[in-house]
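Reading through the structure tokens given below for one structure.
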Amino acid sequence: MQSQVTTQKAEVLALLRKDGKINADLVEGEVDWFFDKLGMVDNYFTSQSAEVIAKHISAIYANKMLSSAESGKVKINIQQEHKDGAIFACNSVPGSQTSPAVAIERRLDERYLALQDDGSSYRVQVYRSSGFVSSEQQQNLRLYVVNKANYGSDEADPAQLRDELDINKIGDRDFLVKASASTKEIYQNILRKAARIPGPVIESYDAEVGEKRIVICYRRGTTTRFFGALTDLYHYHGFVARKKFVEQFANGFLIVCLYLTTPASQPAQDAADVNARMRLFEKEANLIYILPSSRMASLLQAGELSEEECVYAHAAWKFAAHFINRMGSEYHALRKALDMRDERHAGLMAALKRRLVNATFTEHSIGDVIMANPAMVKLLYRDFARLHNPADADAQASLQLGADALAARRDEVLAAIKRHAAASEQDQEIFGMFLTFNRHVVKTNFYKVDKVALSFRLSPEFLDDQEYPQRPFGIFYIIGDEFRGFHVRFSDVARGGVRIVRSRDTESYATNARHMFEECYGLANTQERKNKDIPEGGSKGVILLDLAKAAHGQPHKPEQAENAFKKYVDSILDILLSSQETRREQAIVDHYKTEEILFLGPDEGTADVMDWASQRAKERGASFWKAFTTGKSRSLGGIPHDMYGMTTRSIHQYVVGILAKLGIDEADVTKFQTGGPDGDLGSNEIKISRDKTIGIVDGSGVLYDPQGIDREELRRLADARLMVREFDRARLSAGGFLVDVNDREVTLPDGTVVDNGLNFRNEFHLNPLSSATLFVPCGGRPEAVNISNVDKFFHHRRSTATTAGGAPERVPRFKYIVEGANLFFTQEARLVLEEAGVVIFKDASANKGGVTSSSLEVLAALALKDDEFLAHMTVQKSADTGDEVVPDFYRRYIENVHQIIERNAALEFQAVWDANKRTGLPRSVIADLVSTKINGLNVQIQNSNLWTNQAFKNLVLAEACPPVLLELVGGVAGLCQRVPENYLRAIFGAYLGSRYIYRYGLETREFDFFDFVQPYFDRIAAQ
4 MQSQVTTQKA EVLALLRKDG KINADLVEGE VDWFFDKLGM VDNYFTSQSA
54 EVIAKHISAI YANKMLSSAE SGKVKINIQQ EHKDGAIFAC NSVPGSQTSP
104 AVAIERRLDE RYLALQDDGS SYRVQVYRSS GFVSSEQQQN LRLYVVNKAN
154 YGSDEADPAQ LRDELDINKI GDRDFLVKAS ASTKEIYQNI LRKAARIPGP
204 VIESYDAEVG EKRIVICYRR GTTTRFFGAL TDLYHYHGFV ARKKFVEQFA
254 NGFLIVCLYL TTPASQPAQD AADVNARMRL FEKEANLIYI LPSSRMASLL
304 QAGELSEEEC VYAHAAWKFA AHFINRMGSE YHALRKALDM RDERHAGLMA
354 ALKRRLVNAT FTEHSIGDVI MANPAMVKLL YRDFARLHNP ADADAQASLQ
404 LGADALAARR DEVLAAIKRH AAASEQDQEI FGMFLTFNRH VVKTNFYKVD
454 KVALSFRLSP EFLDDQEYPQ RPFGIFYIIG DEFRGFHVRF SDVARGGVRI
504 VRSRDTESYA TNARHMFEEC YGLANTQERK NKDIPEGGSK GVILLDLAKA
554 AHGQPHKPEQ AENAFKKYVD SILDILLSSQ ETRREQAIVD HYKTEEILFL
604 GPDEGTADVM DWASQRAKER GASFWKAFTT GKSRSLGGIP HDMYGMTTRS
654 IHQYVVGILA KLGIDEADVT KFQTGGPDGD LGSNEIKISR DKTIGIVDGS
704 GVLYDPQGID REELRRLADA RLMVREFDRA RLSAGGFLVD VNDREVTLPD
754 GTVVDNGLNF RNEFHLNPLS SATLFVPCGG RPEAVNISNV DKFFHHRRST
804 ATTAGGAPER VPRFKYIVEG ANLFFTQEAR LVLEEAGVVI FKDASANKGG
854 VTSSSLEVLA ALALKDDEFL AHMTVQKSAD TGDEVVPDFY RRYIENVHQI
904 IERNAALEFQ AVWDANKRTG LPRSVIADLV STKINGLNVQ IQNSNLWTNQ
954 AFKNLVLAEA CPPVLLELVG GVAGLCQRVP ENYLRAIFGA YLGSRYIYRY
1004 GLETREFDFF DFVQPYFDRI AAQ
């Protein structure tokens, strides 16, 4: 080794003399200083060529001379970037936030370690000298060498090599030549481990005496600013890195390798203490991965909070921002005093609520209070740890404490909050929300070692009854680097989709962030009403992508959404499987003490990742993996809603139901539709309908033709699942147009100039041009039509009956509305339209075909054993022909599902229609009353002695379940042996409750239920 360095030193000296940039009298001294006195680690000399070292010495010399001449001190700050890499160097001042190293490592994170638009990747080598930059300054040199990775193959494409794990096929050529055999073995093993999980693998090894080697592997793009955040973390724990490396591989994985030790300048430290701090660093490196760039991180850098305290502060901060009482008691008193059936009152209160939400406790202002009070964070984190840290004896003891003891402990913390923030009611309220958070978390993966995001199972008792009148059964709260999310469920057995919410700019992101829980709650509540005639109650998940993590200010990349969903699911599984994963370091303190299962389904932006979620649950040993997600591929036993038109089949039942009642031919009806041919509902609505569609709005723009959009061309788009921007404009009539969201300054056939295509698309449902006989929203954001803009759903005309100076006549722009998209209308807007004579059927009634299909997909997954499920519910390709082979059972099961969807839709349509005729109540109100009545009756029936009557139970389950499934599993008796009892009870209660209300309506009498069940007992007696 020494002879190699000596030879290299001579080569460097010769190169520098030839170059001539260093004074001839000084060049040998500079080389001696760099090789013999600066104390660069051996790896530096073995990994760099003489030419590269000469460039480094030359750059450092020039920087030394310049800084010394300017200030009399040597301040190294070199930042030289070129197309294939960079060289950075600076004085090393561990823990200093003014050091150039902070900016350098931020640049590394953002430019060289993040996903690149051109697919390139870079290797990073960092060296910290043991000697000093000058005899006067006790500061080391930190040198960064960045080189573009060279995989030696044109096929080194992450998309093609995503599943390749052989390090010899995916490694940089220089790395494969120069890395030791032991390094390559370590990297190979950790790569294989990382490929099995969506987050990081962190391992440690002994290196030289007093030094630990920390190796971290994760998929690139799943976290941001991680490298620099790790530096802050090991500085906080009192370590320095003699050297650190980042190696990127062609399959998209990245490995960070740190060599950590205590500074030589510090006195000898207790070995046990050093080891304990090193273990804590390894544990907290996982937290850094989850939240590397939180606003709270500056408190770690300043040494005021630990990493655990910073991450806790971040989680509690976001919780407080979502749930702090922003309305105030005065708002609720005013709302109660006003007649909310009056649209003017409703509009006033809606506007007031938006203003209060925006103007009181903002997320930023809450963050300011937290940043100014680290001592309060420490106090509240201690309270959190005493409840939820499995390594804390108090947390284990808290499981046995009674309510009085826990309340006393809470009161102590509350008193401390009041003492600390006595002068500020606002501060008290904010930190009171931290305490509320601590006490309503019943399970969390916060202390789990290998998590990929933070997840908290919340007890919903903290919710304000005025803002959330129907209390959910449970709430999951999830936070990751690129997202935050919620999952709300209204019953123990509940199912619903998970949607991803993107934001186009900072303003829309702020709005989405403020209202995301309300959106999740509203969707789950709608789902609860929609699910009235199936066993699962309502649930919904919402994932809000962080706008700041969108690469280079561009729209969210697909990788961000996929990473967010995977972290969301995996962190929820941490909590669901906490009782099964019993390794001591993985333990979760379980205050809930009841096993629970979630059933997830596809929604906006998640249809393509249901397969992954199901398989991930299987990999982690979840017994419920087959039923964990619906909307899976047919090869995994899924029933694709779009392929079989499940949701549209229900929606269209309402369309044809209205037309049949009024004697109207569908071919004579004009229709406007949001949600285009690229979507599930939109495409199937196009395929199944026979109307004259005049307008369609989708993500790409607005397609409009007053003569009716060419049906053949529409069908082509729907079959190919293409957006309306792909429509052949030659097929438009003279009055037709297609305005893309990217268009600017477009003149329509009537002379109207469209300034901005995006704004035109967003507001076209409010444009008078979109008027038609029928409106079917198949897509769109929640509350697109609300009390503030519903007036735009009317034409304002002066008729002969209008007196001079009188108000113009309001004529609805649509006669009939069938809601396919969830929450497209607010209830207040629906009531305004119904009062004006519009026939409207709300989402909770019309849009239930998909949930029915998914429910029956869950039932098959629960009822069939693994081998049966594979044989009968999965569509596989023939080994001989490559064609898909659809099992006969699967085909017949789909037919059963279609029949059940159509029957349920027809029954509810008739019930709502008849109730409206009898009572005059708005259909939107009747639909809610029907749902509430069925759901309430469902619970009563489940808990009645009807369930314990075996013969009666068998008859009901035989009617409620698909015949083809019963045939396969050996009838009701076989079904009862396979499916959990709580699920069977839910089938039983939902079926009887819905059929009873559909038949007898809302105005039932006591003896009606006896009449309803008597035929079952007659059949039993006849057997």
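In terms of this note's numbering, the sequence shown opens at residue 4 and continues consecutively.
Note that beta-carbon positions come from the ideal geometry of N, C-alpha and C, so glycine has one too.
How big is the Cα-Cα spacing for residue 10 and residue 71? Stepping through the sequence shown from its first residue, residue 10 is reached at position 7. Stepping through the sequence shown from its first residue, residue 71 is reached at position 68. Straight-line Cα distance between these residues: approximately 31 Å.
Going by the CB atoms, is the gap between residue 248 and residue 260 shorter than 8 Å? Sequence index remark: in the sequence shown, residue 260 carries index 257 (1-based). Sequence index remark: in the sequence shown, residue 248 carries index 245 (1-based). Yes; because the gap between Cβ atoms is below 8 Å, this pair is in contact.
Would you call the CB atoms of residue 541 and residue 530 closer than 8 Å? Here residue 541 refers to the residue found at position 538 of the sequence shown. Here residue 530 refers to the residue found at position 527 of the sequence shown. Taking 8 Å as the Cβ cut-off, residue 541 and residue 530 qualify as a contacting pair.
What did DSSP end up calling residue 375 once you bin it into helix, strand or coil? Along the sequence shown, one-based indexing puts residue 375 at 372. Coil.
Residues bridged to residue 487 (per DSSP): Translated into positions along the sequence shown, residue 487 becomes position 484. Looking at the DSSP assignment, residue 487 forms a beta bridge with 482 and 547.
When we look at the beta-carbon of residue 450 and count the other beta-carbons within 10 Å, is it buried (16 or more) or exposed? Residue mapping note: residue 450 aligns to position 447 of the sequence shown, counting from 1. Result: buried.
Which of the three DSSP states, helix, strand or coil, is assigned to residue 762? Along the sequence shown, read from residue 1 onward, the residue named residue 762 stands at position 759. Note: residue 762 maps to helix in three-state DSSP.
Between residue 476 and residue 495, is the Cβ-Cβ spacing less than 8 Å? Along the sequence shown, one-based indexing puts residue 476 at 473. Along the sequence shown, one-based indexing puts residue 495 at 492. Yes, Cβ-Cβ distance for residue 476 and residue 495 is below 8 Å.
Could you check what DSSP says for residue 41 in three-state terms: helix, strand or coil? As a working note, residue 41 is residue 38 in the sequence shown. Of the three classes helix, strand and coil, the one that applies to residue 41 here is coil, per DSSP.
Spatial neighbours of residue 850 within its chain, please: C-beta separation below 7 Å, excluding the five flanking residues on both sides. As a position in the sequence shown, residue 850 is number 847, starting the count at 1. Cβ within range, chain order: 533, 650, 653, 654, 822, 823 and 825.
Could you tell me the boundaries of the alpha helix (DSSP H) in which residue 900 lies? Position 897 of the sequence shown, counted from the start, is the residue given in the question as residue 900. First-last of the alpha helix (DSSP H) with residue 900: 891-922.
Alpha-carbon to alpha-carbon, residue 367 and residue 515: By one-based count along the sequence shown, residue 515 stands at place 512. By one-based count along the sequence shown, residue 367 stands at place 364. The straight-line gap from Cα to Cα measures roughly 15 Å.
If you measure between the beta carbons of residue 262 and residue 288, is that distance less than 8 Å? Translated into positions along the sequence shown, residue 262 becomes position 259. Translated into positions along the sequence shown, residue 288 becomes position 285. Between residue 262 and residue 288, the C-beta spacing is not below 8 Å.
Which residue from 676, 502 and 39 puts its Cα closest to that of residue 1027? Because the chain is modelled from 4 through 1026, residue 1027 falls outside the range shown and cannot be assessed.
If you count every other CB in all the chains shown that lies within 10 Å of the CB of residue 153, and 16 or more means buried, which is it? Here residue 153 refers to the residue found at position 150 of the sequence shown. So residue 153 counts as exposed.
Can you tell me whether residue 709 is buried or exposed, with buried defined as 16 or more other CB within 10 angstroms of its CB? Along the sequence shown, read from residue 1 onward, the residue named residue 709 stands at position 706. It is buried - the Cβ of residue 709 has at least 16 other Cβ atoms within 10 Å.
Which of helix, strand or coil DSSP assigns to residue 957: On the sequence shown, residue 957 is found 954 positions in, with the first residue counted as 1. Here residue 957 sits in helix by DSSP.
Distance CB(residue 232)-CB(residue 296) smaller than 8 Å: Taking the first residue of the sequence shown as 1, we reach residue 232 at position 229. Taking the first residue of the sequence shown as 1, we reach residue 296 at position 293. The answer is yes: Cβ separation under 8 Å.
Please give the ranges of any alpha helix (DSSP H) in the region 666-715, keeping only runs that are unbroken, at least 4 residues long and fully inside the region. 683-691
Backbone CA spacing between residue 686 and residue 675 [nearest angstrom]: As a working note, residue 686 is residue 683 in the sequence shown. As a working note, residue 675 is residue 672 in the sequence shown. Spanning the two alpha carbons is a distance of roughly 14 Å.
Whole-angstrom C-beta distance between residue 391 and residue 314, which should lie under 8 Å: Taking the sequence shown and counting its residues from 1, the one referred to as residue 314 is at position 311. Taking the sequence shown and counting its residues from 1, the one referred to as residue 391 is at position 388. About 13 Å; that fails the 8 Å criterion.
Straight-line gap, residue 919 to residue 408 (C-alpha atoms, nearest Å): Counted from its first residue, the sequence shown places residue 919 at position 916. Counted from its first residue, the sequence shown places residue 408 at position 405. A straight-line Cα-Cα distance of about 54 Å links residue 919 and residue 408.
Helix, strand or coil for residue 563? Go by DSSP, reduced to three states. On the sequence shown, residue 563 is found 560 positions in, with the first residue counted as 1. DSSP places residue 563 in helix when its eight states are reduced to three.
Starting from residue 147, follow its DSSP beta bridges and name the residues at the other end. Here residue 147 refers to the residue found at position 144 of the sequence shown. For residue 147, which the question treats as bridged, DSSP gives the partners 91 and 129.
Stretch pair the region 738-748 + the region 760-768: three plus CB contacts closer than 8 Å: yes
Is residue 251 helix, strand or coil by DSSP? Stepping through the sequence shown from its first residue, residue 251 is reached at position 248. It is a strand residue.
Check residue 605 in the structure and name its three-state DSSP category. What you label residue 605 is simply residue 602 of the sequence shown in a count that begins at 1. Strand, per DSSP.
Three-state secondary structure (DSSP) at residue 140? Residue 140 sits at position 137 when you count from the first residue of the sequence shown. Coil.
Where the beta strand (DSSP E) through residue 446 begins and ends: Counting from 1 along the sequence shown, the entry for residue 446 is found at position 443. Residue 446 -> beta strand (DSSP E) spans 444-447.
Would you be able to state if there are at least three C-beta pairs under 8 Å between the region 36-55 and the region 7-24? yes
Give me the Cβ distance between residue 486 and residue 610, rounded to the nearest whole Å; I'm assuming they're in contact under 8 Å. Here residue 486 is taken as the residue at index 483 of the sequence shown, counted from 1. Here residue 610 is taken as the residue at index 607 of the sequence shown, counted from 1. About 18 Å separates the two Cβ atoms, so there is no contact after all.
Taking the alpha-carbon positions, what's the residue 854 to residue 964 distance? On the sequence shown, residue 854 is found 851 positions in, with the first residue counted as 1. On the sequence shown, residue 964 is found 961 positions in, with the first residue counted as 1. Their Cα atoms are separated by approximately 15 Å.
Any idea if residue 386 is buried or exposed, counting beta-carbon neighbours within 10 angstroms, 16 or more meaning buried? Position 383 of the sequence shown holds residue 386. Burial call: buried.
Residues in its own chain within less than 6 Å of residue 571 by CB, not counting five upstream and five downstream? Your numbering for residue 571 matches position 568 in the sequence shown. Excluding positions up to five away in sequence, the list reads 481, 488 and 546.
Distance, Cα to Cα, residue 776 vs residue 816? As a first step, residue 776 must be located in the sequence shown, where it is residue number 773. As a first step, residue 816 must be located in the sequence shown, where it is residue number 813. Between residue 776 and residue 816, the C-alpha separation is close to 8 Å.
Please name the residue, chosen from 323, 937, 42 and 923, that lies closest to residue 848 on a Cα-to-Cα basis. Residue numbering aside, residue 848 sits at position 845 when the sequence shown is read from its first letter. The candidate whose alpha carbon is nearest that of residue 848 is 937.
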